[in-house]
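Since the structure comes first, as structure tokens, the remarks are kept for the end.
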Amino acid sequence: MILKIILFSVLRDVVGEKDIEIEIPADDCNIDELLHFLYDKWKELSKWDSVMRVAVNHDYVDRGFKLKDGHVVALMPPMQGG
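Read in order, the letters of the sequence shown are residues 0 to 81 in numbering that gives the first Met the number 0.
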């Protein structure tokens, strides 16, 4: 399954890209599994795990949401003001 991941703020800084396309080696994957797949590649992302917001195709979802090929997943840290 191929997913597009859009990263915001400090998450973008950790990965070094504003968006990435990744291939998950499973046909059945939920958000929690995707996050752990990403944490294996970019360990520093995991420090944001408890506060990260996740949206799929512009809708916020929970960690159990089942992903499908072609989904666009947005990962967002808490909002920061200035």
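C-beta: ideal position from N, C-alpha, C; glycine also.
_Outcome for Val72 when other beta-carbon atoms lying within 10 angstroms are tallied against a minimum of 16_ = buried
| Burial state of Ile30 (16 or more Cβ within 10 Å) | buried
Subject >> For Arg62, three-class secondary structure by DSSP >> reply: coil
*Could you spell out where the alpha helix (DSSP H) holding Val13 opens and where it closes?*
Ser8 to Val14
Open item on the list: Classify His57: buried if its beta carbon has 16 or more other beta carbons within 10 angstroms, exposed otherwise.
Closed with: exposed
Practice prompt. Give me the Cα-Cα distance between Cys28 and Leu66, rounded to the nearest whole angstrom.
Written response: 6 Å
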